[in-house]
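Chains E and U, in that order, are what the protein sequence lines are.
Residue numbering for the first sequence follows my numbering, starting at 1 and increasing by one per position.
Residue numbering for the second sequence follows my numbering, starting at 1 and increasing by one per position.
Quick reminder that beta carbons are idealized off the backbone N, C-alpha and C, glycines included.
The structure presented is a predicted model; accordingly, all values stated were derived computationally and were not measured.
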Amino acid sequence: MSEAGVRRLCAANLLRGCSVLLAATAPRFFLDGFSVLGTPLTWLCACSVSVSALSVVLNAALGPSPPPRRGSLAHKVGFLKCCMYFLMSFGRAFLSLNTFLFAVLLSTFTTLQCLCVLGPNIQAWIRVFSKNGAMSIWDNNLQITTVCSVLGAWFGAFPIPLDWDRPWQVWPISCSLGATFGYLAGLIIAPLWIHWNRKQLTYKSR
Amino acid sequence: MRLRSGVFASSCLLVEALGVALFLRGFFPLPVRSLPRSEARREPPAEPAPPGSGTVSNWTKIPPPLFKKVVLVLIDALRDDFVFGPKGKQFMPYTTQVVEKGTSHSFIAEAKPPTVTMPRIKALMTGSIPGFIDIIVNLNSPALLEDNLIWQAKTAGKRIIFYGDDTWVKLFPKHFVEYDGTTSFFVSDFTEVDDNVTRHLDRVLKREDWDILILHYLGLDHIGHVTGPNSILVGPKLREMDNILKKIHISLLSKEGGAAPPNLLVVCGDHGMSETGSHGGSSEEEVHTPLLFISSAFEKRNGPFSQPKVVQQTDLATTLAVGLGLPISKNSVGNLILPIVGGKTMREQLRFLHLNGFQLSRLLQENTPAYEKDPGYEHFKIAEKSHGNWIKLYLDGNNSEVLLNLGKKVLKQYLKALKTLSSSLSKQVAQYDMYSMMVGTVIVLEVLFLLLLITPKALSRRAEFEVPLSPPLFSLLFYLTCLTLCAVHVIVCTSAEGLCYFCSMSWWTAAAVMVLISALMCGILSAVGKILQNSRPPVKNPVVSNSSWSEVDILILAGTVGHVLSLGASSFIEEEHQTWYFLINTLCLALCQELCRNHFLLKEGDSQHSITLKQNFDNVKETYECKNIDITAPDDSKLGKVTATDEFLKGSDKWISLASPWIILICCRLLRSLNQTGVQWAHRPDFGHWLTSSEHKSELSFLAAISLVMIFILVQRKCSLVSKIAMALGLLGVYSYRAAIGNIVFPWQHDSKDISKGITEARFVYVFVLGIVFTGTKDLLKSQVISADCGVRSTGLWEVYSGLVLLAALLLRPHNLPVLVFCLLIQTMMTKYIWRPLKFDAAQITIMHYWFGQAFFYFQGNSNGIATVDVSAGFVGLDSYVEIPAIFLTAFATYAGPLLWAIHLLCYLSSEVSRNSSAMGHGCFCYALVRSVPVAVYIILVTGLRYHLFIWSVFSPKLLYEGMHVLITAGVCLFFTAMDQNRSRRGQD
Numbered sequence: 001m002s003e004a005g006v007r008r009l010c011a012a013n014l015l016r017g018c019s020v021l022l023a024a025t026a027p028r029f030f031l032d033g034f035s036v037l038g039t040p041l042t043w044l045c046a047c048s049v050s051v052s053a054l055s056v057v058l059n060a061a062l063g064p065s066p067p068p069r070r071g072s073l074a075h076k077v078g079f080l081k082c083c084m085y086f087l088m089s090f091g092r093a094f095l096s097l098n099t100f101l102f103a104v105l106l107s108t109f110t111t112l113q114c115l116c117v118l119g120p121n122i123q124a125w126i127r128v129f130s131k132n133g134a135m136s137i138w139d140n141n142l143q144i145t146t147v148c149s150v151l152g153a154w155f156g157a158f159p160i161p162l163d164w165d166r167p168w169q170v171w172p173i174s175c176s177l178g179a180t181f182g183y184l185a186g187l188i189i190a191p192l193w194i195h196w197n198r199k200q201l202t203y204k205s206r
Numbered sequence: 001m002r003l004r005s006g007v008f009a010s011s012c013l014l015v016e017a018l019g020v021a022l023f024l025r026g027f028f029p030l031p032v033r034s035l036p037r038s039e040a041r042r043e044p045p046a047e048p049a050p051p052g053s054g055t056v057s058n059w060t061k062i063p064p065p066l067f068k069k070v071v072l073v074l075i076d077a078l079r080d081d082f083v084f085g086p087k088g089k090q091f092m093p094y095t096t097q098v099v100e101k102g103t104s105h106s107f108i109a110e111a112k113p114p115t116v117t118m119p120r121i122k123a124l125m126t127g128s129i130p131g132f133i134d135i136i137v138n139l140n141s142p143a144l145l146e147d148n149l150i151w152q153a154k155t156a157g158k159r160i161i162f163y164g165d166d167t168w169v170k171l172f173p174k175h176f177v178e179y180d181g182t183t184s185f186f187v188s189d190f191t192e193v194d195d196n197v198t199r200h201l202d203r204v205l206k207r208e209d210w211d212i213l214i215l216h217y218l219g220l221d222h223i224g225h226v227t228g229p230n231s232i233l234v235g236p237k238l239r240e241m242d243n244i245l246k247k248i249h250i251s252l253l254s255k256e257g258g259a260a261p262p263n264l265l266v267v268c269g270d271h272g273m274s275e276t277g278s279h280g281g282s283s284e285e286e287v288h289t290p291l292l293f294i295s296s297a298f299e300k301r302n303g304p305f306s307q308p309k310v311v312q313q314t315d316l317a318t319t320l321a322v323g324l325g326l327p328i329s330k331n332s333v334g335n336l337i338l339p340i341v342g343g344k345t346m347r348e349q350l351r352f353l354h355l356n357g358f359q360l361s362r363l364l365q366e367n368t369p370a371y372e373k374d375p376g377y378e379h380f381k382i383a384e385k386s387h388g389n390w391i392k393l394y395l396d397g398n399n400s401e402v403l404l405n406l407g408k409k410v411l412k413q414y415l416k417a418l419k420t421l422s423s424s425l426s427k428q429v430a431q432y433d434m435y436s437m438m439v440g441t442v443i444v445l446e447v448l449f450l451l452l453l454i455t456p457k458a459l460s461r462r463a464e465f466e467v468p469l470s471p472p473l474f475s476l477l478f479y480l481t482c483l484t485l486c487a488v489h490v491i492v493c494t495s496a497e498g499l500c501y502f503c504s505m506s507w508w509t510a511a512a513v514m515v516l517i518s519a520l521m522c523g524i525l526s527a528v529g530k531i532l533q534n535s536r537p538p539v540k541n542p543v544v545s546n547s548s549w550s551e552v553d554i555l556i557l558a559g560t561v562g563h564v565l566s567l568g569a570s571s572f573i574e575e576e577h578q579t580w581y582f583l584i585n586t587l588c589l590a591l592c593q594e595l596c597r598n599h600f601l602l603k604e605g606d607s608q609h610s611i612t613l614k615q616n617f618d619n620v621k622e623t624y625e626c627k628n629i630d631i632t633a634p635d636d637s638k639l640g641k642v643t644a645t646d647e648f649l650k651g652s653d654k655w656i657s658l659a660s661p662w663i664i665l666i667c668c669r670l671l672r673s674l675n676q677t678g679v680q681w682a683h684r685p686d687f688g689h690w691l692t693s694s695e696h697k698s699e700l701s702f703l704a705a706i707s708l709v710m711i712f713i714l715v716q717r718k719c720s721l722v723s724k725i726a727m728a729l730g731l732l733g734v735y736s737y738r739a740a741i742g743n744i745v746f747p748w749q750h751d752s753k754d755i756s757k758g759i760t761e762a763r764f765v766y767v768f769v770l771g772i773v774f775t776g777t778k779d780l781l782k783s784q785v786i787s788a789d790c791g792v793r794s795t796g797l798w799e800v801y802s803g804l805v806l807l808a809a810l811l812l813r814p815h816n817l818p819v820l821v822f823c824l825l826i827q828t829m830m831t832k833y834i835w836r837p838l839k840f841d842a843a844q845i846t847i848m849h850y851w852f853g854q855a856f857f858y859f860q861g862n863s864n865g866i867a868t869v870d871v872s873a874g875f876v877g878l879d880s881y882v883e884i885p886a887i888f889l890t891a892f893a894t895y896a897g898p899l900l901w902a903i904h905l906l907c908y909l910s911s912e913v914s915r916n917s918s919a920m921g922h923g924c925f926c927y928a929l930v931r932s933v934p935v936a937v938y939i940i941l942v943t944g945l946r947y948h949l950f951i952w953s954v955f956s957p958k959l960l961y962e963g964m965h966v967l968i969t970a971g972v973c974l975f976f977t978a979m980d981q982n983r984s985r986r987g988q989d
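Right, dumping it as structure tokens:
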């Protein structure tokens, strides 16, 4: 673990956070009547698109691990696999547009990030998402943001049954908001946590 | 005295049930609000005196009746859209024509929850709002002692005839000159109940010797209960009602003429029905009922028909009293419906309103000390004053436009005053017996604290602990507390002005309760003392290693705490099913994660781990061998276990095991779409409705048949041959019972004309239920007496369980049979692929069982409203209403989910040979604990929220459910303890 690595991570997280915020504000200049609560579906689309685009770009630009040198065929297979995993993570969301977009958002926050960092490698995934399985600060970052997004979405479901009649209580807005806030929180927490525990973090490579 | 955890937990629960019962008795006081009736005959007030001396109004008597004869047609469960909606237009043409063009006034009367027949009849006739407890005494209605319309009419010499629901006859004994009561308890009778009423009609309508005729039709309610509001049976029933109304109306019109006042026909419903066809709750469909006044005294309607105004149901009593020239009932909180007297002169109208206002303000005076500050009372005084001014002008002979306008102003003032008065009175109806509630709460809380304090010991390996009885019982503290409490009791009871249940109990009982409270307190104190003593030297074990908490543990703890906290919000209570669905979904995900880790990760680690283990064992062996001690046997067994789990993880089982949480999640999703419950989303279309609609009978039959077969396959694997056969026959009987009462059809049967009560078939099933349970009990006894091997006992338990499954299959409605199938399926999968490989301890498994039990409570269509209780389950196989079996069967059908899961827990824990003998005690203790935490918290919350707006519609039904659940849990824990007893005895042998 080097200082530079941590700095790179911070920069990446900052960019990601900015992209989320940008997705919530920027479309107002292009679309009339856009607001997060007013037109949640548009916001969901914008948010997923911007975050996923940024993740792909980031992965290509300052990829944490050097891109695997493989033949073009293997590359293509890997890419297809990635797409398949990403689609699979949508789950049963094809029943309604709301649920579908929420699934896309949540997958962007979780599955896509994992795919970018880890690639279509089940063993690596299982390793990262188990206790003491992280092998770099990127793994730690991944763990924390993913768990935070999922937890945020989980907590976001709480206010749905309340009878306050607020616009953000409707499925899936509160969950999407929860996931987004969770993701943002994860982006902030991860570098802090790594900084806090930098003494204990000793990554052994296999 | 040494006590085992199970025994301790069950006794705690029994005491807690006592406390809850006391609390409930205090929370739902019987309405004894009215003063004795002899006092009710007060002189009616005179018209307000005009200001200035000398002139006094001479109108002191009650105004004469406006109507000669009144016919009140009460159609049970008549919802507003059955008359004013498209159904009314289609099926009730005559009524629609009268409503839209005839001489009538139509309103939507809003019923207050509980929307159950007897409280509604009371509300209609007394004008007061009966307490919630009326639901419980609904089944054996005692005579109504309050001042009411019927009594007033009888005292005034009116002759009343009644035909219909015999609740009326019980409520008003000896009030009717002629009556014929029909019992309402046989729900699947649609025609006879109404024919019994109608057959008298022609004869009575020809006669002249009556003043009030009351008809109560039950058929519509029965149709609603059995088939729902959208069934094809509703249309013909409404048409029948329409014809009856037409007949009565024409006959009433033909009797009019001469100088006598006109007649009045009133049509109303006592409550509506929800989209599932039941009632009791407070949804719009249940509280909105039509209220029609039809009389030639009214002006003909012209102009387009507009949506009827909403009035309160209690307003009918006041309006009828005015219309019949009777004094308004003392306890009525109703307002006069002004359009009914709209044809009268201004002086008369004002007089009526003054009478009503005077009665309401007197009621307010009797109930609130600070009545003078009440805005309603102030408004009324102002209105009375201007009324006096108006009378002065009137008596002066002023007859101009000015007088009329002034009169209208006074009228408005009166109406405003009446509205405020009755709303502030309605708020006061709830009177709580705080003392009994406090005593109950104290008992429940003490039990909870005791349980919590004892937890570490009760969950220890032995599941036994020392309860020092003598030191606390002979301590000075105990006697002092006893004495203090008794003194407090005497003081409270002598100072309280009656109305306290706990005070009205005999002194010995009260003293016993006090002794119990102080004993519990001393128990808590000694437990605390012990913990403090023990915690002084524990430097050596610093807070039993936090890292031992797995994700599942954290989830279980957080879920329990979160659920308990959510009970404070009314919406979370209304939608409690969502909480449970959410929790079990999360639980499944956590289990999935646990399984993944177990299968993928531990594989590598495990091999290392087992290698080290083996090395360890080898080392141990070597050392022991050095010492020449033969320890191969225990060693091998331990190693064998390790390899067994390894083996288990291999092969196809591994993938099934990994997939099982997802399969369970899919099952839960399917079950969720079977029954929509709750309040906010209850109206959404669900699969259950689709199945029960009459067009889909064949699909329902197919589903029921498949479900019954599945139940047989899932249950039979652990049964003995005899019970297998009995089970199969019993399930066949279930199908034929449902076919006999017309819910489903046999494939060869095309017309479902011959609908019977299915008594023979149901009793046939009961015989098999009893037979299977008896076989199981026999096995249990055998295992206890001759202490046979464990297998006999677990077979016996499983047989008892399968007997209960058969009973549930009989009692649950056919569209709910898949719930039973999925229940069995999930239990099987959980047992085989999740609990066994993951080796959870008894406490975790107990709480998972509890969660699933709660979720299944809602999966089967229950909610926290009274309306979803399926009363028809109490009549399965019974000829007429028999109280004890009906209550038992209804309770069983309602709590089938939690009960089946609890018994399955027992089967599972006792079948696990590898578990140590304390598992059962742990399970019982956890079950008791996890049940008493929400109850205790909820009781405190309800006490705090007792003036909440939704206390009657949301919190009270939930409180009843909780109380009932505690009682059932106490029963389950006793069963647990009995089983545990066997085991320990055998262990000692």
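Min CB distance residue 120 of chain E to chain U below 8 Å: Here residue 120 of chain E refers to the residue found at position 120 when the first sequence is read from its first residue. No, no contact with chain U.
Per-residue burial, residue 908 of chain U [other beta carbons within 10 Å of its own, 16 or more giving buried]: On the second sequence, residue 908 of chain U is found 908 positions in, with the first residue counted as 1. That one is buried.
Length at least 3, wholly inside the stretch 794-842 of chain U: the beta strand (DSSP E) runs in chain order: The stretch 794-842 of chain U contains no whole beta strand (DSSP E) run of 3 or more residues.
Other residues of its chain near residue 195 of chain E: CB distance less than 8 Å, five sequence neighbours each side excluded: Here residue 195 of chain E corresponds to residue number 195 of the first sequence, with the count starting at 1. Taken in chain order, the residues that qualify are 6.
CA-to-CA distance, residue 731 of chain U to residue 125 of chain E, given in whole angstroms: Counting from 1 along the first sequence, the entry for residue 125 of chain E is found at position 125. Counting from 1 along the second sequence, the entry for residue 731 of chain U is found at position 731. Near 48 Å, if we compare the C-alpha coordinates of residue 731 of chain U and residue 125 of chain E.
The ligand FMN heavy atom lying under 7 Å from the CB of residue 116 of chain U: With respect to the ligand FMN, the structure offers nothing, as it holds no ligand at all.
Test: residue 594 of chain U CB closer than 8 Å to a CB of chain E: Numbered from its first residue, the second sequence carries residue 594 of chain U at position 594. Not one chain E Cβ lies under 8 Å of residue 594 of chain U.
Min CB distance residue 598 of chain U to chain E below 8 Å: Counting from one through the second sequence, the residue named residue 598 of chain U turns up at place 598. Residue 598 of chain U does not count as touching chain E.
Own chain residues within Cβ distance below 8 Å of residue 459 of chain U, not counting five before or after: Start at 1 with the first residue of the second sequence, and residue 459 of chain U comes out as number 459. Once the five neighbours on either side are set aside, the close Cβ partners of residue 459 of chain U are 5, 843, 922, 925, 926.
Contact list for residue 533 of chain U against chain E, beta-carbon separation under 8 Å: The residue given as residue 533 of chain U occupies position 533 in the second sequence. Per Cβ cutoff of 8 Å: no residues; residue 533 of chain U is ~37 Å from chain E at best.
Beta-carbon gap between residue 745 of chain U and residue 707 of chain U smaller than 8 Å: In the second sequence, the residue the question calls residue 745 of chain U occupies position 745. In the second sequence, the residue the question calls residue 707 of chain U occupies position 707. Their beta carbons are not under 8 Å apart, which means residue 745 of chain U does not touch residue 707 of chain U by this criterion.
Buried/exposed call for residue 259 of chain U, threshold 16 Cβ in 10 Å: Taking the first residue of the second sequence as 1, we reach residue 259 of chain U at position 259. With fewer than 16 Cβ atoms within 10 Å of its Cβ, residue 259 of chain U is classed as exposed.
Backbone CA spacing between residue 223 of chain U and residue 853 of chain U [nearest angstrom]: Here residue 223 of chain U is taken as the residue at index 223 of the second sequence, counted from 1. Here residue 853 of chain U is taken as the residue at index 853 of the second sequence, counted from 1. Their Cα atoms are separated by approximately 31 Å.
Ranges of the alpha helix (DSSP H) found wholly within the stretch 555-588 of chain U, counting only runs of at least 4: 570-574
Under 9 Å by beta carbon: chain E residues contacting residue 571 of chain U: As a working mapping, residue 571 of chain U is identified with position 571 in the second sequence. Going along chain E in sequence order, the residues near residue 571 of chain U (Cβ under 9 Å) are 161, 162, 163, 164.
Chain U contacts made by the stretch 135-159 of chain E, where a contact means CB separation under 8 Å: 154, 157
Any chain U beta carbon closer than 8 Å to residue 126 of chain E: For the purposes of this step, residue 126 of chain E is taken as residue 126 along the first sequence, with counting starting at 1. Closer than 8 Å to some Cβ of chain U, the Cβ of residue 126 of chain E qualifies, so yes.
Residue 263 of chain U vs residue 67 of chain U beta-carbon contact at 8 Å: The count along the second sequence starts at 1 and reaches residue 263 of chain U at position 263. The count along the second sequence starts at 1 and reaches residue 67 of chain U at position 67. Yes. Within cutoff.
Buried versus exposed call for residue 203 of chain U [16 or more other C-beta atoms within 10 Å across all chains shown]: Here the question's residue 203 of chain U lines up with position 203 in the second sequence. Burial call: exposed.
Beta carbon of residue 159 of chain U nearer than 8 Å to that of residue 177 of chain U: One-based indexing of the second sequence puts residue 159 of chain U at position 159. One-based indexing of the second sequence puts residue 177 of chain U at position 177. Contact check for residue 159 of chain U against residue 177 of chain U passes: the beta carbons are separated by less than 8 Å.
Where residue 145 of chain U falls, given that 16 or more other Cβ within 10 Å makes a residue buried: On the second sequence, residue 145 of chain U is found 145 positions in, with the first residue counted as 1. By the neighbour-count rule (16 or more Cβ atoms within 10 Å), residue 145 of chain U is not buried but exposed.
Any C-beta of chain E under 8 Å from that of residue 582 of chain U: The count along the second sequence starts at 1 and reaches residue 582 of chain U at position 582. Answer yes: the Cβ-Cβ gap between residue 582 of chain U and chain E drops below 8 Å somewhere.
Span of the alpha helix (DSSP H), counted from its first residue to its last, around residue 327 of chain U: In the second sequence, residue 327 of chain U corresponds to position 327, counting from 1. Counting along the chain, residue 327 of chain U falls outside any alpha helix (DSSP H), and DSSP gives it neither H nor E.
Interface partners of residue 50 of chain E on chain U, CB under 8 Å: The sequence position of residue 50 of chain E within the first sequence is 50, counting from 1. What residue 50 of chain E touches in chain U: nothing, since even the nearest Cβ is about 28 Å away.
Chain U residues whose Cβ lies nearer than 9 Å to that of residue 107 of chain E: Taking the first residue of the first sequence as 1, we reach residue 107 of chain E at position 107. The contacting residues do not exist; residue 107 of chain E stays about 16 Å from chain U at best.
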